[in-house]
Every structure is written in C-alpha cells, then in structure tokens.
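Just so you know, the sequences run in chain order A and B.
Just so we're aligned: 28 in our numbering is position 28 of the first sequence, and the numbers increase by one with no gaps anywhere.
Just so we're aligned: 510 in our numbering is position 164 of the second sequence, and the numbers increase by one with no gaps anywhere.
Protein chains: 2
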Amino acid sequence: MHFILKRKITLKHIARELEVSISTVSKALKNSEEISRDTKEKVQAFAKLYNYRPNNIAISLKNKRTRNIGVIIPDIVHHFFTTVFRGIEKYANSRGYNVIICVSDESFDKEVINMEMLANGSIDGFIMSLSAETQQKNDFNHLKEVTEQGIPLVLFDRVTDEIECDKVIINDKEIAYQAVKKLIDSGKRKIALVTTDSYFNVSKKRAEGYKAALKDNGITFEENYVLTLPYQEIEKSKIEHFFSENDIDGVLCVNEVFAIHCIGAVQKLGMKIPDEVSIIGFTDGLLSKYSVPSLTTVAQHGERMGEVAAEMLIEKVESEIEDDENETFRTETIKATIIERESTKN
Amino acid sequence: MHFILKRKITLKHIARELEVSISTVSKALKNSEEISRDTKEKVQAFAKLYNYRPNNIAISLKNKRTRNIGVIIPDIVHHFFTTVFRGIEKYANSRGYNVIICVSDESFDKEVINMEMLANGSIDGFIMSLSAETQQKNDFNHLKEVTEQGIPLVLFDRVTDEIECDKVIINDKEIAYQAVKKLIDSGKRKIALVTTDSYFNVSKKRAEGYKAALKDNGITFEENYVLTLPYQEIEKSKIEHFFSENDIDGVLCVNEVFAIHCIGAVQKLGMKIPDEVSIIGFTDGLLSKYSVPSLTTVAQHGERMGEVAAEMLIEKVESEIEDDENETFRTETIKATIIERESTKN
DNA sequence: TATTAACACGAAACCGTTTTCGTAGTTCTT
DNA sequence: AAGAACTACGAAAACGGTTTCGTGTTAATA
Numbered sequence: 001m002h003f004i005l006k007r008k009i010t011l012k013h014i015a016r017e018l019e020v021s022i023s024t025v026s027k028a029l030k031n032s033e034e035i036s037r038d039t040k041e042k043v044q045a046f047a048k049l050y051n052y053r054p055n056n057i058a059i060s061l062k063n064k065r066t067r068n069i070g071v072i073i074p075d076i077v078h079h080f081f082t083t084v085f086r087g088i089e090k091y092a093n094s095r096g097y098n099v100i101i102c103v104s105d106e107s108f109d110k111e112v113i114n115m116e117m118l119a120n121g122s123i124d125g126f127i128m129s130l131s132a133e134t135q136q137k138n139d140f141n142h143l144k145e146v147t148e149q150g151i152p153l154v155l156f157d158r159v160t161d162e163i164e165c166d167k168v169i170i171n172d173k174e175i176a177y178q179a180v181k182k183l184i185d186s187g188k189r190k191i192a193l194v195t196t197d198s199y200f201n202v203s204k205k206r207a208e209g210y211k212a213a214l215k216d217n218g219i220t221f222e223e224n225y226v227l228t229l230p231y232q233e234i235e236k237s238k239i240e241h242f243f244s245e246n247d248i249d250g251v252l253c254v255n256e257v258f259a260i261h262c263i264g265a266v267q268k269l270g271m272k273i274p275d276e277v278s279i280i281g282f283t284d285g286l287l288s289k290y291s292v293p294s295l296t297t298v299a300q301h302g303e304r305m306g307e308v309a310a311e312m313l314i315e316k317v318e319s320e321i322e323d324d325e326n327e328t329f330r331t332e333t334i335k336a337t338i339i340e341r342e343s344t345k346n
Numbered sequence: 347m348h349f350i351l352k353r354k355i356t357l358k359h360i361a362r363e364l365e366v367s368i369s370t371v372s373k374a375l376k377n378s379e380e381i382s383r384d385t386k387e388k389v390q391a392f393a394k395l396y397n398y399r400p401n402n403i404a405i406s407l408k409n410k411r412t413r414n415i416g417v418i419i420p421d422i423v424h425h426f427f428t429t430v431f432r433g434i435e436k437y438a439n440s441r442g443y444n445v446i447i448c449v450s451d452e453s454f455d456k457e458v459i460n461m462e463m464l465a466n467g468s469i470d471g472f473i474m475s476l477s478a479e480t481q482q483k484n485d486f487n488h489l490k491e492v493t494e495q496g497i498p499l500v501l502f503d504r505v506t507d508e509i510e511c512d513k514v515i516i517n518d519k520e521i522a523y524q525a526v527k528k529l530i531d532s533g534k535r536k537i538a539l540v541t542t543d544s545y546f547n548v549s550k551k552r553a554e555g556y557k558a559a560l561k562d563n564g565i566t567f568e569e570n571y572v573l574t575l576p577y578q579e580i581e582k583s584k585i586e587h588f589f590s591e592n593d594i595d596g597v598l599c600v601n602e603v604f605a606i607h608c609i610g611a612v613q614k615l616g617m618k619i620p621d622e623v624s625i626i627g628f629t630d631g632l633l634s635k636y637s638v639p640s641l642t643t644v645a646q647h648g649e650r651m652g653e654v655a656a657e658m659l660i661e662k663v664e665s666e667i668e669d670d671e672n673e674t675f676r677t678e679t680i681k682a683t684i685i686e687r688e689s690t691k692n
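Below, the structure is given as structure tokens:
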C-alpha cells in the first residue's frame, strides 16, 4: 500500500509554480478585472487541476468572521432539542454557516466552559437554551460577558429576563391555557398538572396558563392537583399514588415522558382513556405518536424555532452596524399547536 | 441603555500599553524563562485584568490544528445517532476538542458538500456514518479525497469496505443471530424479518444473522417471511397485510419504529404479545422502553460507539507520524446486547 | 514626439499568534 | 581590563489568505 498524500495546495504554491506573485494568484482566482485574461485562465486552470480550495482558517483570521455558529443546549438525546437543532442546522447551512455544538448536560459549569471555549474567536455568535442548573442558580454572568464583548446571542425556549438579547420562545402560557380549556370543554373539571420544578421558566409559564384556564372557567385551583416530578429518575409509584389519592379526570403534562407515565398509571388503576381520564402532553415526539392510546399533545414546532433563532442570529452577525447605541432586541414567539389524538375526546 | 463594548484584547494591545514587544508579551504569558520576573508579573496582571484570551483562529492557523472534529450524520432527530453523537461530544470535549456537526439528511450531495465545506481547514478529522443515498450509489470519492489529503476519518455503523480507514461497528450479524435464537429457544419457528432495503450494510448483516440462526436450527428460510419497508413513510396496511397473510409467531425488526408498528398490527389482528407473537427490535430508545407491551430490543450502545470513534480519531489526529507507508487501520466492534422486556418470553 | 491614460502585475501590510534568532547591556572570569 | 557568558528583550518570519497602493510597460491622445 502506498499513498501519495496530496497535501493541501496554497496560493503560495500556485504562485511559485506559475512564476507570478501571490497577489496575482489571489486576484486571478477572484476573476479580478486587474488581471489579464491569459493569466487568469492559466491560474484558474492550474487551481482547478490541483483542486485548490482556500483555507477557511486563514480567511476567518483575515475577515474576523468564522461563519460558525455556536449552539449550546442542555441535552442532545432529547426530541425537542434535536428538532430545534435541525432547524438551526438547516437554516445556517443554507446561509453558508457551520454549526459547532456543545452540550451543557444541564450543568452550569459546563455551560460556562463551553461558552468560554467558543467565545475566543471560534464562532460568530451563540444560540442557546439554558441549563437547568443555570436557571436554578440564576447566574448569567457568562452570558453577560459574551454580549458585552459584542458577540450576538439568541436564547430559545429556556430563556431569562436578566439578559438583553434576541429570544425565541413559544406561547407556553397561552397554549397551556388552550389545552386545559380543551379538557374543560370536553367535560372535565378535575384537572391535574404534572410538571417539573418551577425554576424552569417554561414550566412556570405553563402553570400560569393552567391556572388561568381553571379560573376563567370557574374551577378553583387545588394545590393537590399539581404533581411535581424530577426531571429524571421518575418513580412510577409516586405517579400511581397521585392518581389513586386524587379524583382526577383530566391531566396536562409538561412533557411527553410524564404523559406516557400518566397513561401507564391511569391504565393500571383500571381507568379508561380518554373517557374517564383525558391526557394532554407537551412535545410531539415519537412517544406521543406511537403510544397506545396515542397522545394528544402540544407541538412546539422546534424546527421552526431553530430556523427563526438562526435567522435572527445571522442577521445580527451580518449587520456589522455595531450600532451600540440603539441596538434593538426582539423576542419572537412561535405559536404552538395542539395535535389531537386518542388521549382526549372532543 | 449604554453599553461599552469590551472588544477582545490582543497581544498587540497589551504590548502597546505596557511598552514592550509582542514577543515579550507572548512569552511572558507562557511563563517563559527568558522573561524577567518583573515583566512577567506586569504582563500577567494586565492580561488577567483585561481578561485576555488568545484567539483560537490565530492559533489554529499557526499550528495547523483546529481542535475541531467534523461529524457528518444522516439525521439528528434519531435516537441512535444522537446517542452516538453524545458519546463523541463527551469524549471530544474531555480532550479539548469541539465538534462541528453537519447533517446529510440521507442525501449524497449534502454529504459531499458538507465534507468539502469542512475539509478546507475547519477540522482536524471526520467522524461519519454514511447517508442512505451514498450507500445506494456506492460512490465514495469524497471520502477517498479526504483520506488522500491525509485527513483522518472514522466511519461508524454505516460503513463501507471500499474505504480504508478506522471504523466502529456493532456485531450486527451476531446479535441478530442471538435475537433469532432467543425467539427459537422460546418455541417460535415461524419467524419474520422486518427490514429496510439491503443497501444498508447493517440491514444486510442483520439479515445474514437471521438466516444463519434459522439454518442452524433446522428452519428453512422463507422469502415470504421477509417484509421490506421503506425507511420513512410506512404504510400500516402493508404491515397488517403481511401479518394476516402469513402465519408468524416471532418477529425481528431492524429498528424500533418498525417494531412498534408490528406491535400495533399484531394487536389489531387480535393476537397476543408475547404468547402468540414475540417481537424483538433494534435500538433501545424511548419507544422500546415505554411502549405497551414494552419492547425487547437490541441495545447498540451508541454512546460507547461515539466514544470509541472519537478516541480513535483523536489518536490519529495527534499522532502526527504521517507514517504514510505503514499506516494501519482498525475496525472496532461494539458488542450489542439484548434487553429483555415484555414483547418476548423466555 | 511628448504626455497621459490604461493595463497588468507585484510589494507589503494586515489578521493574531508562536518561535527562532540576534543583540544590547550586564555580570562574571582570569 | 578584555573576553566570555548571561540576562532580558525585540525583530522578523511564518501560518494562508485579502487588499491597498505603487509602478513599469504599452497604447492612446494632443
């Protein structure tokens, strides 16, 4: 076995070979008016023959623009985040950007480290969703530093009011309201909320919608009807206990996995879905689609969210106005929709 | 609102401010022996105060090493790939590498474009899994070019013999054999294979294991018992038809979604799982865990696969031997395991 | 024919580092 | 006191491009 390494060819090589200057080569390849037709053809032919490609790193250094976007998300093995990521990747790619992804693993420290790693020239801007720990600690100095350096930042889904930047969220409160309204309209009155700890801003918003819907329909909110579950390591017994102790006929879950667990618990207790208990979840993933019964759920349109986030970021990146003074930040809201399946009746 | 942009500070700034040369600053920050204690302290203090961080791009250009890994996968909203990716990301990060990810979307052209985009200096090496279309076309010139340029490449799961490089696969044939054996041992004889088109090398391997297990147990292979499904857009009716036309008592599916569909079809036909029909799938995702009945499945240990791939790549990247002559490539096999759940009996 | 304009190209600076090498100025030898 | 040996630093090249500006040659103009 004998490989000939076709090492990357540079302008310098071409220049030397063709006995012209580097500048001439550079211009010739850009089809500059300055260069004679003859020379251009010669250079271009040579470049093509040896498959010349400009070195991205050199261009990045010169332009102070990498065409890389940094994405920091709490988890990658998670349907919602992957859909958002797909949206980001697609849009970014269509605009000639690459995506560097880092996973914070819900850890504050990792989030900080990842940001610092990328903030030193590797990327032109960040798109991120806050880790659980960051939201808990309420410490956003790493974000502040980055924005103060003039690096554009777009936050999605798990955002914070503490930082001024572009944001993309869904209408969590509203859609939770609608979901609960839907349960009420189908005759349910004893509606539970299965949620995570409230330092997740999305959970908080969804709880608000839940409460508002109850109130507007003359149902008094009962603390007992709220089941708070850890984000991971769910105990089935706790859920079963919840449903056997309380007389529930409708459930809103803040995610898909919780909803599946509820289906299991409810069925185990011998109750029929949706007739005796109706269930609505969040996140339209495979689980919702393929569970039996299939799950009525809130589609968050993650891909759209990703696209919008990427678009906002690239806009900021490319508008080199650096207008400092009257820089303006937007918050885009993606309208979630309810996908009706078998776990509810209408 | 008035922001003061703390623009990134460079060696040049420090040098100017402290009235020393750039080289002195550089050395001082590296604690070089060459520089006097006084100067070092002065420089280091200044750098710390202004939060100096070296520019990654400049360092990359100088060192001709980016500490970036390029990952190209067919799909991101896919449990197996995300787990592999998590493994890659974790390991890479622990070694100080960042990961740039591109999605080929099962398209040959996108795969090529993405490779070219990254191959011009943006990354030190590739980890990838071939797109469906690439496997179909059997065209691997883009891979060949990259390896010929001396860029390390590690292929995982969807690999090809046409390219000499490091590879990470699972023991597809073996584990399929074991899965079928398990069905046979539990008394099943009329075992179906639900698979994709055979240009997927993994499907081919699994089919081989399936056939070998039948043969070794004196069961004749029947073409009728193989159901080939498209990768997407599955028609339920086709599956139901398959199960009503054939007298099946065991099923091996090459993925989770196929398995879930089979559960649905079998149940619709009024047959009991696992007593009348046992089902085993591939990919241990949420669906397998939460379906009813839960699914016995082949765990591919994607995260481990990713770790191994990343480790192999980084080893190659960092061994600058460029030994050309006797460069040696490995193929690591991750041992898949069968996770027993309710869809089979023993 | 002298002047000017157009043409075609090269030198050099620049992006932000690292690193080699050269050299003032000081201290140590003998 | 002269040479050797340090010490502490700076100049410059290099990584691979882009871009501005200057200039020698030729062609057009007066």
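We treat Cβ as the ideally placed atom computed from N, Cα and C, and that holds for glycine.
| Check | Outcome |
| --- | --- |
| Using C-beta distances below 8 Å, list every residue in its chain close to A/Ser294, excluding the 5 sequence neighbours before and after it, in chain order. | Ser288, Arg341, Glu342, Ser343 |
| Comparing alpha-carbon positions, which option in B/Thr542, B/Glu591, B/Val526 lies nearest B/Ile565? | B/Val526 |
| For a contact meaning CB atoms closer than 9 Å, what does A/Gln44 contact in chain B? | Result: empty, since nearest Cβ-Cβ is about 18 Å, beyond 9 Å. |
| Spatial neighbours of B/Glu602 within its chain, please: CB distance less than 6 Å, with the 5 preceding and 5 following residues excluded, ordered by chain position. | Gly627, Thr629, Gly631, Leu633, Ser634 |
| Can you grab the Cα-Cα spacing for the pair B/Ile415 / A/Asn138, in whole Å? | 32 Å |
| Within 8 Å, do at least three Cβ pairs link the region 113 to 128 of chain A to the region 328 to 335 of chain A? | no |
| If you draw a straight line from the C-alpha of A/Thr39 to the C-alpha of B/Ala393, how long is it? | 48 Å |
| Let me check you understand the geometry: is the CB of A/Ile123 closer than 7 Å to at least one non-hydrogen atom of the ligand SAH? | The ligand SAH is not part of this structure, which contains no ligands at all. |
| Using a Cβ cut-off of 7 Å, pull out every chain A residue sitting near B/Phe628, in sequence order please. | None at all; the shortest Cβ gap to chain A is about 15 Å. |
| If the criterion is Cβ atoms closer than 8 Å, does the pair A/Ser60 and B/Ile469 meet it? | no |
| To which residues of the same chain is B/Glu452 closer than 8 Å at the C-beta, ignoring the five residues directly before and after it? | Pro420, Asp421, Ser477, Ala478, Glu479, Tyr577 |
| Thinking A/Gly96 and A/Ala310 are a contact (beta carbons under 8 Å), I'd like their distance in whole angstroms, please. | Contact doesn't hold; Cβ gap of about 12 Å is too wide. |
| Which residues share a DSSP beta bridge with B/Cys448? | B/Ile418 |
| Reducing DSSP to helix, strand and coil, say where B/Gly627 ends up. | strand |
| What in chain A is Cβ-close to B/Phe431, meaning under 7 Å? | Ile76 |
| Given that A/Met128 touches chain B, what residues does it touch there, using C-beta distances under 9 Å? | The premise fails here: A/Met128 is roughly 15 Å from chain B at the closest Cβ pair, so nothing lies under 9 Å. |
| Tell me the rounded alpha-carbon separation between A/Ile248 and A/Ala192. | 7 Å |
| Measure from the C-beta of A/Met117 to each C-beta in chain B and report whether the shortest distance is under 8 Å. | yes |
| Between B/Ile685 and B/Ala645, which are expected to be in contact by the criterion C-beta below 8 Å, what is the C-beta distance as a whole number of angstroms? | 5 Å |
| Rounded to the nearest angstrom, what separates A/Val226 and B/Val449 at their Cα positions? | 40 Å |
| For A/Ile191, which three-state DSSP category applies? | strand |
| What first and last residue would you give for the beta strand (DSSP E) that runs through B/Asp512? | 512 to 516 |
| Taking the beta carbon of B/Gly616 as the centre, do at least 16 other beta carbons fall within 10 Å, making it buried, or is it exposed? | exposed |
| If you measure between the beta carbons of B/Asp561 and B/Lys519, is that distance less than 8 Å? | The sequence given here places Lys at residue 561 of chain B; Asp does not occur at that position. Going by C-beta atoms, B/Lys561 is not nearer than 8 Å to B/Lys519. |
| Going by other Cβ atoms of all chains shown within 10 Å of its Cβ, with 16 needed for buried, is B/Leu395 buried or exposed? | exposed |
| If I'm right that A/Asn98 touches B/Asn401 with Cβ under 8 Å, what's the distance once you round it to whole angstroms? | Between B/Asn401 and A/Asn98 the Cβ distance is about 18 Å, and since that is not below 8 Å, they are no contact. |
| Counting beta carbon pairs with one atom in the region 528 to 538 of chain B and one in the region 500 to 509 of chain B, are three or more of them shorter than 8 Å? | no |
| Identify whether A/Gly349 lies in helix, strand or coil by the three-state DSSP scheme. | One cannot answer for residue 349 of chain A here, as it falls past the ends of chain A, which runs 1 to 346. |
| With a 10 Å radius around its C-beta and 16 neighbouring C-beta atoms as the bar for buried, classify B/Glu363 as buried or exposed. | exposed |
| From the DSSP output, in three-state form, read off B/Thr370 for me. | helix |
| Measuring only the C-alpha atoms, how far is B/Ile497 from B/Gly471? | 6 Å |
| Under the DSSP definition of a beta bridge, which residues are partnered with B/Thr677? | B/Lys513 |
| Express the C-alpha separation of B/Val638 and B/Ala611 in angstroms, rounding to a whole number. | 13 Å |
| Name, please, each residue of chain A whose Cβ falls closer than 8 Å to the Cβ of B/Ala404. | Leu61, Gly121 |
| Are B/Asn575 and B/Phe604 closer than 8 Å when you measure CB to CB? | In the sequence as presented, Asn is not what sits at residue 575 of chain B; that position holds Leu. Yes, they are a contact pair. |
| Are B/Ile473 and B/Leu659 touching if we call contact CB-CB under 8 Å? | yes |
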